[in-house]
Structures are given as C-alpha cells and as structure tokens.
Amino acid sequence: MRKWILMASATTLLGVLVLVFLLFPRSSQDITADQADEAVVSLYGGEVEQITESGDVYQVEFQRPDGRYRALVNRNNGQVETMELIEKTEPAKEWTEQQAEEIALEQAAGTIDAINYNKEENEYEVKVKDESQLSKIIISAATGEVRKISQEPIEPAVPVEESEPERIITRDEAIKLAKGTLDGEVQEAEFVETADGGYYLVEIENEQTEQEATIQIHAIRGDTMTVEWDD
C-alpha cells in the first residue's frame, strides 16, 4: 500500500515539473545581449551603440550611415521583431557656397544675384542675373552636380519721363496782361508764391482817367483772377 502511495506522489511531482516546464520553457536558454547584437548587425549592418533589456525583448540601438535605429530582439528565440528609424543623419555638405557659385557661373552668364541652401534636398539654388534674363541653377551640395537650370526673361526698365515744370510768366508779361484791363503807369508789381503756381499783383494808375486798380494775374495760366479798383 505504501509503495503505491509513493508511486502516486512521484507521478504527481513529475506532472508538476512538466507543467512548470511548459509554462516557463527553457528560461535559462534565452539569448544573451551579445547574441542580440550579432543578430542585428548580421541583418542590418552598422554599429551597435546600446542594448537594454525590456521584458521579453532586447532594445538594440545601432548606427548606420543613414541614421540611428532601434531594433527589438526577442530574448527567447533571437528573432528581430521590429526595427525603426530614430534619427536620420543629414548628408554632409561637401561643396561650399563659393564652389556652387563658381559652378553656376559656368552655366549662365551674368553675376550672382542670390544663393540659398535647401537642407531637406541638400542642394543649392543659385540665381544668376544679367541684363536680359534671370537664371536659376540647382546644384547638389553633396556632389556638385547640376540638377536643373531654368531661365526667365527680365523686362527692361521703362524710363520714367520727368514732366517739365510748368513755366511761370515773367513780371513784364504779367504787367502786359494787367494793362489789358487798365493802361497806365505801373506803381508796383509783386509776385506771390502759392501751391498752384502763384500770381502777380500789379498796381496801375491812369492819371488821365484818374483810375487806379490792383490786378491779380495767375503766374502760370496768365488769367486775370481779380481786379480791385481804388476810388
């Protein structure tokens, strides 16, 4: 009887061990961090910079020429589950602005009007201008290759005609016009400047008719504006 009890206990213990093995399989055979390193490098190349454990995976950060990446490696089977780009490496500018300007001047005649660097495309846009046209040359900052050339004509500047200032009549002309109203001896002729060209005040006295008047003559049009008679 006791023998059967011992056999039953042994069977139960064996069953428990099998269950534990199934629930927690080969935990001692998980891959190492070095193996995770090798798995990532063999697949993607580059240089591993950091490895951290996170639950059932290793987080492997590695650097490639085009950027920094993170891969998740399953600790149980060594499979790379995901890989993502963390930071893109910007291409280095191999060609300077001065070199880009020199290349542009080989493609179009004129002088440099402007130069701009497009960081996203890693290229220069150089504008070359002469009397008749504006040329835009796109140049790779990595290789110096001319990617595109476009031109647009420049409209010639229309000279602005300066209007001649309106001529102001002379004092003698104003007196002559004033004498058309009253002929006589000129007592005084005075020019008064205004925003619309000014005017003359001409005082004339006629002793024979005993008339005296102050006549206002427009200095540009020559019109008689007012006549003031003195009694």
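Residue 70 in this note's numbering is what sits at position 18 of the sequence shown, and the numbering runs on without skipping anything. For every residue, glycine included, the Cβ atom is placed at its ideal position computed from N, Cα and C.
Rounded to whole angstroms, N174 and S202 show a C-alpha spacing of 19 angstroms. Going by DSSP, D224 is part of the alpha helix (DSSP H) stretching over R223 to A230. In this structure K181 is in contact with T163, their Cβ atoms being roughly 6 angstroms apart against a cut-off of 8 angstroms. If you ignore the 5 residues before and after K140, its C-beta comes within less than 6 angstroms of the C-beta of G119, all in its own chain and listed in chain order. Between A85 and Y110, the C-beta spacing is below 8 angstroms. The criterion of a C-beta distance shorter than 8 angstroms is satisfied by I191 and A152. Taking 8 angstroms as the cut-off, the beta carbon of Q263 is found closer than this to the beta carbon of L234. Counting the other CB atoms within 10 Å of its CB gives A91 a total of 16 or more, which places it among the buried residues. Considering only Y176, Q150 and A88, the residue with the shortest C-alpha distance to T104 is A88. In its chain, beyond the 5 residues on either side, E255 have a beta carbon closer than 7 angstroms to the beta carbon of E240.
A distance below 7 angstroms between beta-carbons, with the five flanking residues on each side excluded, links G250 to the following residues of its chain, in chain order: I220, F243, V244 and A271. By the neighbour-count criterion, in which 16 or more other beta carbons inside 10 Å mark a residue as buried, L124 falls on the buried side.
Comparing C-alpha distances from E146 to each of Q81, G130, Y176 and Q159 shows the shortest one belongs to Y176.
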